[in-house]
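Here the structure is laid out as structure tokens; the discussion comes afterwards.
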Amino acid sequence: MKYTRNAAERAHEILRKRRITAETEQRDRSLIAFSIAPEIKTMLGTLDKKRFELLRSIGSGNASTSEAVYKLRDETERINRSISEILVSNGFSPDYIDYHYTCPKCHDTGYRDGERCQCLTELLNKLTIEDLNGLCGMKIHSFEEFRLDYYPDEVIDGDNARQRMTVVYNNCKGYAEEFGADSDSLFFYGPTGLGKTFLSSCIAGEVMKKGSSVVFFSVPSLFSQLEDEHFGRSDSKTMDILMSADLVILDDLGSEFRTKFTESKLYEIINGRMNLDKPVIVSTNLSIRDLHEMYNERLISRIIMKFAPMPFIGRDIRQILRINSVK
Ligand SMILES: [Zn+2]
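Per our numbering, the very first residue in the sequence shown carries number 51; after that it's consecutive.
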């Protein structure tokens, strides 16, 4: 994945703050431990003195380096064991005065043995996806903002709209709360203005809050981005991001200008994610019949067979809001 420069800067800043926090907290804990068991401070002082002596004797050629290093290692282990015992006998955990880094592997530096640590890669992925979502201009909503009273308590297309949408709302909320690698793909369909984008963004917000990566694209803007990359006008790697994100949301399928390019990319995204067993949420204002007429059968059958269907019914909420504002 190609990372944005902003993501790289933010990732290093986050690591720097993690290091400062680990160091400050270690210092505070040490002061507490020293005040209760002052002998710990004395023992650490002895260890420092021995280290200094070792360096001096190696520097002056008075000691065999390997022998001195072994001796110091044994001594360090012995003193650390004693300190742990004193800590435990005073009611502390044995590692109370150690540094507690977020990533014990790289000590929050982001690098280990000259290689990038997994923690930095995860941060870069997450922040790059956030940047890209920022570029999409999607507004993230929360489930608390969702208004079921906008859906009429009447039968539309053979179903009570409010009851149907209560089920859809609860399913979406449950989906977001329990989101994980084995979550299903969802297919939102129904006429325009019924809250498909809104509920998608509620799911995105909740899933991101839990630390999973979400890519949210309106289908037309996704294709203009992919075309820019295809024709060398942008060096982003959107396909990589679409394959690696934990959840991909493709909003408003059918509103894009369709070409052979868009059709093949769409199939590549849906099929690629299905092969990786990674969930996708697709929403459309089109009817199932329109989809069959407009798209390749292979693509539509994948969506219909593999995605959990969520039919949205009601009256156009934007129109209801306009009428209410005039009243
Ligand atoms: Zn790390």
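Here a beta-carbon is modelled for each residue, glycine too, at the ideal position from N, C-alpha and C. It should be emphasised that the depicted structure is a prediction, and the values quoted were computed from it without experimental measurement.
Open item on the list: With DSSP as the reference, identify every bridge partner of Phe357, one or two as the case may be.
Closed with: The residue labelled residue 357 in the question sits at position 307 within the sequence shown. For Phe357, which the question treats as bridged, DSSP gives the partners Ser235.
Open item on the list: ligand 1 and Leu173: does any heavy atom of the ligand fall closer than 7 Å to the residue's C-beta?
Closed with: Mapped onto the sequence shown, residue 173 falls at position 123. Answer for Leu173: no, Cβ out of range of ligand 1.
Task: Cβ-heavy atom distance, Gly261 to ligand 2, below 7 Å - done: This structure simply doesn't include ligand 2; it includes ligand 1 instead.
Open item on the list: Between Cys222 and ligand 1, is there a pair consisting of the residue's CB and a ligand heavy atom that are separated by less than 7 Å?
Closed with: Sequence index remark: in the sequence shown, residue 222 carries index 172 (1-based). No; taking the cut-off as 7 Å, the Cβ of Cys222 has no heavy atom of ligand 1 nearer than that.
- [ ] Compute every distance between the C-beta of Cys252 and the non-hydrogen atoms of ligand 1, then say whether any falls below 7 Å.
- [x] Taking the first residue of the sequence shown as position 1, residue 252 is located at position 202. No - ligand 1 has no heavy atom lying nearer than 7 Å to the Cβ of Cys252.
- [ ] Report the rounded CA-to-CA distance for Ala57 versus Thr178, giving the unit in angstroms.
- [x] Position 7 of the sequence shown, counted from the first residue, corresponds to residue 57. Position 128 of the sequence shown, counted from the first residue, corresponds to residue 178. Cα to Cα, the separation comes out at about 5 Å.
Task: Strand pairing of Phe267, partner residues [DSSP] - done: Locating residue 267 in the sequence shown gives position 217, where the first residue counts as 1. Paired residues: Leu300.
TODO: Return the bridge partner residues of Ile331 from the DSSP annotation.
DONE: Start at 1 with the first residue of the sequence shown, and residue 331 comes out as number 281. Answer is Leu236 and Ile299, bridged to Ile331.
- [ ] Could you name the residues that DSSP lists as bridge partners for Val205?
- [x] As a first step, residue 205 must be located in the sequence shown, where it is residue number 155. BP columns for Val205 point to Asn210.
Task: Closest by C-alpha distance to Cys222, when choosing among Lys246, Leu81 and Ile206 - done: Position 172 of the sequence shown, counted from the first residue, corresponds to residue 222. Minimum Cα distance to Cys222 is reached at Lys246.
Open item on the list: I need the straight-line Cα distance from Met188 to Glu194, nearest angstrom please.
Closed with: By 1-based counting over the sequence shown, the position of residue 188 is 138. By 1-based counting over the sequence shown, the position of residue 194 is 144. Approximately 18 Å, taken between the alpha carbons.
Open item on the list: Can you tell me where the alpha helix (DSSP H) holding Asp124 begins and where it ends?
Closed with: Taking the first residue of the sequence shown as 1, we reach residue 124 at position 74. Counting along the chain, the alpha helix (DSSP H) containing Asp124 begins and ends at Thr115 to Ser139.
Open item on the list: Run the Cβ filter for me: residues under 5 Å from any heavy atom of ligand 1, listed in the order they occur in the chain.
Closed with: Cys153, Lys155, Cys156, Cys167 and Cys169
Open item on the list: Assuming Val264 and Ala295 are in contact, meaning their beta carbons sit under 8 Å apart, how far apart are those beta carbons, in whole angstroms?
Closed with: If you number the sequence shown from 1, residue 264 lands on position 214. If you number the sequence shown from 1, residue 295 lands on position 245. Indeed they touch by this definition, with Cβ atoms about 6 Å apart.
TODO: In the DSSP assignment, find the unbroken alpha helix (DSSP H) run with Gly243 in it and report its ends.
DONE: By 1-based counting over the sequence shown, the position of residue 243 is 193. Here Gly243 belongs to no alpha helix (DSSP H), and DSSP marks it neither H nor E.
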